[in-house]
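For reference, the structure is listed below as structure tokens.
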Amino acid sequence: MVSSEVHPALNRTADGGRHAARAARKVVLSVEGLRTEFQTSDGVAIAVDGVSLEARQGETLAIVGESGSGKSVTALSIMRLIPSPPGRIVAGEIRYGDLDLSAISEREIEKVRGNKISMIFQEPMTSLNPVLSIGRQMTEAIETHMGLARQDARTRATDMLRRVNIPEPDKRMRQFPHQLSGGMLQRVMIAMALSCDPDVLIADEPTTALDVTIQSQILDLMRDLQRDFDAAIILITHDMGVVAEMADRVIVMYAGRKVEEASVAEIFAHPRHPYTRGLLRALPVLGRPSSGDTVRLEEIPGIVPALTDLPVGCRFAPRCAFATDTCRAEYPPLEEKARGHLAACWHADQIAGT
Amino acid sequence: MSTLQHIAAEQTPEEEASRPRSARWRFLRAVVANRGAAVGLAIVLVLIVAAVLAQVIAPHDPMRMGAGPRLAGPSLAYPFGTDEFGRDILSRVIHGTRLTLQIGTIAVGISLTAGLLIGLLAGYAGGWPERILMRSVDVIFSFTETLIALAAVAVLGPSLTNAMIAVGIAAIPFYARVTYGVTLVERNKPYFEAAIAAGAAHTRLIFVHLLPNIIPPLIVVATLGVSTAVLAAAALSFLGLGAQPPSPEWGAMLASGREYISRAPWVMIFPGLAIAISVLAFNLLGDGIREALDPRQRKE
Amino acid sequence: MNNTDNGAETVLQVAGLSKVFPVRSGLLGRGGEVVKAVDDISLTVRKGETLGLVGESGCGKSTAGKTIMRLYEPTSGTISLKGQDITHLRGRALRAIRRELQIVFQDPFSSLNPRMTAGQIVGEPLTIHGLARGRQKADRIAELFHRVGLRPDQMRRYPHEFSGGQRQRLAIARALSVEPDLIVADESVSALDVSIQASIINLMMDIQKEHGLSFLFIAHDIAVVEHISDRIAVMYLGRIVEMGPRARIVTAPRHPYTKALLSAVPVPDPNRKPDPFRLKGDVPSPINPPSGCTFHTRCPLAFDRCRIEAPAFREVGPGHFSACHLDIAENAP
Numbered sequence: 436m437v438s439s440e441v442h443p444a445l446n447r448t449a450d451g452g453r454h455a456a457r458a459a460r461k462v463v464l465s466v467e468g469l470r471t472e473f474q475t476s477d478g479v480a481i482a483v484d485g486v487s488l489e490a491r492q493g494e495t496l497a498i499v500g501e502s503g504s505g506k507s508v509t510a511l512s513i514m515r516l517i518p519s520p521p522g523r524i525v526a527g528e529i530r531y532g533d534l535d536l537s538a539i540s541e542r543e544i545e546k547v548r549g550n551k552i553s554m555i556f557q558e559p560m561t562s563l564n565p566v567l568s569i570g571r572q573m574t575e576a577i578e579t580h581m582g583l584a585r586q587d588a589r590t591r592a593t594d595m596l597r598r599v600n601i602p603e604p605d606k607r608m609r610q611f612p613h614q615l616s617g618g619m620l621q622r623v624m625i626a627m628a629l630s631c632d633p634d635v636l637i638a639d640e641p642t643t644a645l646d647v648t649i650q651s652q653i654l655d656l657m658r659d660l661q662r663d664f665d666a667a668i669i670l671i672t673h674d675m676g677v678v679a680e681m682a683d684r685v686i687v688m689y690a691g692r693k694v695e696e697a698s699v700a701e702i703f704a705h706p707r708h709p710y711t712r713g714l715l716r717a718l719p720v721l722g723r724p725s726s727g728d729t730v731r732l733e734e735i736p737g738i739v740p741a742l743t744d745l746p747v748g749c750r751f752a753p754r755c756a757f758a759t760d761t762c763r764a765e766y767p768p769l770e771e772k773a774r775g776h777l778a779a780c781w782h783a784d785q786i787a788g789t
Numbered sequence: 007m008s009t010l011q012h013i014a015a016e017q018t019p020e021e022e023a024s025r026p027r028s029a030r031w032r033f034l035r036a037v038v039a040n041r042g043a044a045v046g047l048a049i050v051l052v053l054i055v056a057a058v059l060a061q062v063i064a065p066h067d068p069m070r071m072g073a074g075p076r077l078a079g080p081s082l083a084y085p086f087g088t089d090e091f092g093r094d095i096l097s098r099v100i101h102g103t104r105l106t107l108q109i110g111t112i113a114v115g116i117s118l119t120a121g122l123l124i125g126l127l128a129g130y131a132g133g134w135p136e137r138i139l140m141r142s143v144d145v146i147f148s149f150t151e152t153l154i155a156l157a158a159v160a161v162l163g164p165s166l167t168n169a170m171i172a173v174g175i176a177a178i179p180f181y182a183r184v185t186y187g188v189t190l191v192e193r194n195k196p197y198f199e200a201a202i203a204a205g206a207a208h209t210r211l212i213f214v215h216l217l218p219n220i221i222p223p224l225i226v227v228a229t230l231g232v233s234t235a236v237l238a239a240a241a242l243s244f245l246g247l248g249a250q251p252p253s254p255e256w257g258a259m260l261a262s263g264r265e266y267i268s269r270a271p272w273v274m275i276f277p278g279l280a281i282a283i284s285v286l287a288f289n290l291l292g293d294g295i296r297e298a299l300d301p302r303q304r305k306e
Numbered sequence: 483m484n485n486t487d488n489g490a491e492t493v494l495q496v497a498g499l500s501k502v503f504p505v506r507s508g509l510l511g512r513g514g515e516v517v518k519a520v521d522d523i524s525l526t527v528r529k530g531e532t533l534g535l536v537g538e539s540g541c542g543k544s545t546a547g548k549t550i551m552r553l554y555e556p557t558s559g560t561i562s563l564k565g566q567d568i569t570h571l572r573g574r575a576l577r578a579i580r581r582e583l584q585i586v587f588q589d590p591f592s593s594l595n596p597r598m599t600a601g602q603i604v605g606e607p608l609t610i611h612g613l614a615r616g617r618q619k620a621d622r623i624a625e626l627f628h629r630v631g632l633r634p635d636q637m638r639r640y641p642h643e644f645s646g647g648q649r650q651r652l653a654i655a656r657a658l659s660v661e662p663d664l665i666v667a668d669e670s671v672s673a674l675d676v677s678i679q680a681s682i683i684n685l686m687m688d689i690q691k692e693h694g695l696s697f698l699f700i701a702h703d704i705a706v707v708e709h710i711s712d713r714i715a716v717m718y719l720g721r722i723v724e725m726g727p728r729a730r731i732v733t734a735p736r737h738p739y740t741k742a743l744l745s746a747v748p749v750p751d752p753n754r755k756p757d758p759f760r761l762k763g764d765v766p767s768p769i770n771p772p773s774g775c776t777f778h779t780r781c782p783l784a785f786d787r788c789r790i791e792a793p794a795f796r797e798v799g800p801g802h803f804s805a806c807h808l809d810i811a812e813n814a815p
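Protein chains in written order, with our numbering: chain H, 436 to 789; chain P, 7 to 306; chain U, 483 to 815.
Structure follows, in structure tokens:
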């Protein structure tokens, strides 16, 4: 595959990332030092600890992590959807335009939510109101945020449904959530999320609950729509395969902190944090065993630390094969180890060489 | 799972060395962590003590007529006053505690045992037994409990014992329903299927797997049920169908005190308060037990 | 599918197995509508072999696994374990063969009785089948704990004190305790984080080699299935649409559904050239399956015959079977 060829399905060059244009892409949302805590019966759980990120127009930023990484909480914090109590954003700035989303009032954030920054969730079945028709739910958002009259809103909504490849959109407008399948509902969610022409779309595990053949349809759709709407997508997922297919840039989170950030090609080719490296080596890769490569999956021993009882020093050290006393004593700073590639590890260079 | 449940679930550490190992102790602490439940528990303990030591702590003989002046108001000698026969109300209330607790335990005992058997059998066996049993339960359930209790007493004859039995019988459908529901839930859980897959026979499935898991929610229901039973029996006694005079049962005391409500309201007030406080105490305790069981289950 | 193929004996043989569930409607529960959750499947598992059963939600793979375990009553067909017909066994006879056939479920949280200790859970099958008592039993349990990577001093702990991955190890230890011939793994790693998944997969493969176990590995993740299986069977709407040696299925699938499934899996390699072989629409309702080939409504290669006639499950290569009117390998552009 010639590296400068742009593959239509991917809309990016084969080496991953829109290299030339990237620096020029406008930053539409930036998060700086976000810290979100939860009060639990076992103490204070620091779910997100000093996370920063930038979402750029037309680019997909993937946030990858397993349970307890804080990836979902980061997304919910941006949308100010953290239930308070017991959760609270205790520090950080979330810049959207002139606004700091972490500081504005509830009324002001309501104008932004669903309008300029919208979110789709993992479970389409429970994200929609079961007693309201699809049409009603869609037009509500459009009327509120775009100030359109009922009839115009309906037209726009029906158009959106058509855009997400839902057959017979007029019929669907009158139907209720339980009458649609999971894949269909997720398309409705996407349609709703894009109906007010947002700058940022946050997708929290949008395809995890769907069958893989449906998942591929939804991911194709999201890629197409991103091209048309030129929106920034923040994609939360635990699936490295989805990351490879969708992302331009990747952030890896562990126990509430960002441990690595790089372009998608770099993350896969040269991971610089032992956790990322471990994750990649733990994955079964389709086709590899059949081609005679009987590689044993690499295990990461131990479990994620409790968020109420985090270790001093590097949080991954208890599970890390490369850990030294320095690692256990002091938390490594998140630093640029190569161009556009950040990692929080004392031995990042050593890892990159493996 | 919601974000919070996710965070809570991840708290499970590999080591749990420092926590006190006894599950019972931790459970008790969880119960009293809820202040209402702590109050409820305290009152229930007081009631138990009063019931057990009634002979010792009651200042006068509850049955002795003319121990004091008739219809005398609360005083130092008679803190709750006296009734129309000159009996000390305080002593009667204290002795009545014994009867109240008897009602609570015996009535609930009857309904719980029978209800458990029916619900468990229906839930476990399925098929025809399930249909017959639960339809019958539904039919009986359609008559209100009070009606059934009245009918039972009418058949058996008015007495406190018969009232207890009647109240117990009347509540059987309720306990059967609850047990049935819980049995179905547990029966469909993978651990139950795993036991079948391991080759467990009926006895083991019921006693080792089902019962230990359906009993905790039943404890909650039963504790709350005590207060219902107490009220129901008091109501029957109030109607003259339960405890007969001169029994110091609180409901009966309410009934006989009715005529004097304007002249000597204390004759009704104190037994009435006793009923209310006991009912409240058992409710609070039941709620506390439910809460203590609930979040632990979600954590699991 | 004969009894001693390649010298390895057949441990499990399933022929024409169906499982039908009534869909309740009407007062007396007699509605007439049924769901054919499992529709006439046949498969074989040899000693020491893993057969992967893969498909999406609603394909009937879990139901198939549970029916084979006799947790459900088969509606028709036969199940043979080491030559013995176990399809209609009941009572004591059924309980006796349960020694040979064990299962590990998907949800590590609810597949262990919360009121029993870890040691009691793992030792239960030993108690049931009277295989060990007292000191001997305790030793055996300790040995099992070791084998699955847990510390025996945790025997007295309760399930909620363990993590998800550890609970799944307990479930595996329990299954292993009676030294079964076949273990059905029903989505056993699907509920685990990727980093934990790897250790459980490795554990299962290790114990398989050590004990000469057979696995019926049921999952929706074909990458995991490929890693652990020797042979793969693909299910759609209750039927097996393709079955064969792992390498053939993954590199040269003969059924359009298999091809679509493989192409849909997101591969963790940004340089991989995508090969979109996309399906149309959604999975049809199992209550009212499409006529002819049940897959035709979504198949990009469907033609007239597919609507009318259900294709036969025929051999398309050595040990490789597929149910399609087309042979897509022949017709590939």
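Every residue, glycine too, gets a C-beta built ideally from N, C-alpha and C.
Applying the 10 Å Cβ sphere with the 16-neighbour rule, what's the burial state of residue i?
{"i": "I283/P", "result": "exposed"}
{"i": "N168/P", "result": "buried"}
{"i": "W134/P", "result": "exposed"}
{"i": "H580/H", "result": "buried"}
{"i": "E440/H", "result": "With a pLDDT of 37 at E440/H, under the threshold of 50, the modelled position of that residue is not reliable, and no figure is offered here."}
{"i": "V4/P", "result": "With chain P covering only 7 through 306, there is no way to say anything about residue 4/P."}
{"i": "K762/U", "result": "exposed"}
{"i": "P590/U", "result": "buried"}
{"i": "P768/H", "result": "exposed"}
{"i": "S148/P", "result": "exposed"}
{"i": "H208/P", "result": "exposed"}
{"i": "D786/U", "result": "exposed"}
{"i": "R27/P", "result": "Any reading at R27/P needs caution, since the residue's pLDDT is 46, under 50, leaving its predicted position unreliable; the model's value is listed next. So R27/P counts as exposed."}
{"i": "A756/H", "result": "exposed"}
To which residues does DSSP link residue i through a beta bridge?
{"i": "H673/H", "result": "H673/H pairs with nothing; no bridge assigned."}
{"i": "A667/H", "result": "V635/H"}
{"i": "G522/H", "result": "F473/H"}
{"i": "M595/H", "result": "DSSP lists no partner for M595/H."}
By how many angstroms is the C-alpha of residue j removed from the C-alpha of residue i?
{"i": "Q652/H", "j": "R658/H", "result": "10 Å"}
{"i": "D67/P", "j": "L217/P", "result": "45 Å"}
{"i": "S681/U", "j": "P565/H", "result": "40 Å"}
{"i": "A673/U", "j": "A717/H", "result": "15 Å"}
{"i": "L499/U", "j": "A206/P", "result": "25 Å"}
{"i": "E541/H", "j": "E733/H", "result": "46 Å"}
{"i": "L107/P", "j": "F213/P", "result": "29 Å"}
{"i": "S142/P", "j": "M170/P", "result": "22 Å"}
{"i": "G676/H", "j": "G573/U", "result": "47 Å"}
{"i": "P223/P", "j": "L245/P", "result": "33 Å"}
{"i": "V599/H", "j": "R750/H", "result": "42 Å"}
{"i": "A667/U", "j": "L698/U", "result": "6 Å"}
Inset, instruction - Give, in chain order, every unbroken run of the alpha helix (DSSP H) that is at least 4 residues long and sits entirely within the segment 726-758 of chain U. - result: Scanning the segment 726-758 of chain U for uninterrupted alpha helix (DSSP H) segments of 4 residues or longer gives 728-733, 738-746, listed from N- to C-terminal end.
Inset, instruction - Tell me the start and end of each unbroken beta strand (DSSP E) in the segment 19-97 of chain P that is at least 3 residues and wholly inside, in chain order. - result: Along the segment 19-97 of chain P, the beta strand (DSSP E) does not occur as any fully enclosed run of 3 or more residues.
Legend entry - Within the segment 684-769 of chain H, ranges of the beta strand (DSSP E) (whole runs, at least 3 residues): Taking 3 residues as the shortest admissible run, the segment 684-769 of chain H contains the following complete beta strand (DSSP E) segments, listed from N- to C-terminal end: 684-689, 692-698.
Inset, instruction - Report yes or no: do three or more beta-carbon pairs, one from the segment 623-630 of chain H and one from the segment 511-521 of chain H, lie closer than 8 Å? - result: At 8 Å Cβ cutoff, the stretches do not touch.
Inset, instruction - Count the CB pairs spanning the segment 641-651 of chain H and the segment 464-476 of chain H that are closer than 8 Å, and state whether there are at least three. - result: With the cut-off at 8 Å, the segment 641-651 of chain H and the segment 464-476 of chain H do not touch.
Legend entry - Cβ pair count under 8 Å reaching 3, the segment 716-730 of chain U against the segment 531-545 of chain U: Taking one beta carbon from each stretch, the segment 716-730 of chain U and the segment 531-545 of chain U have 3 or more pairs nearer than 8 Å; the two touch.
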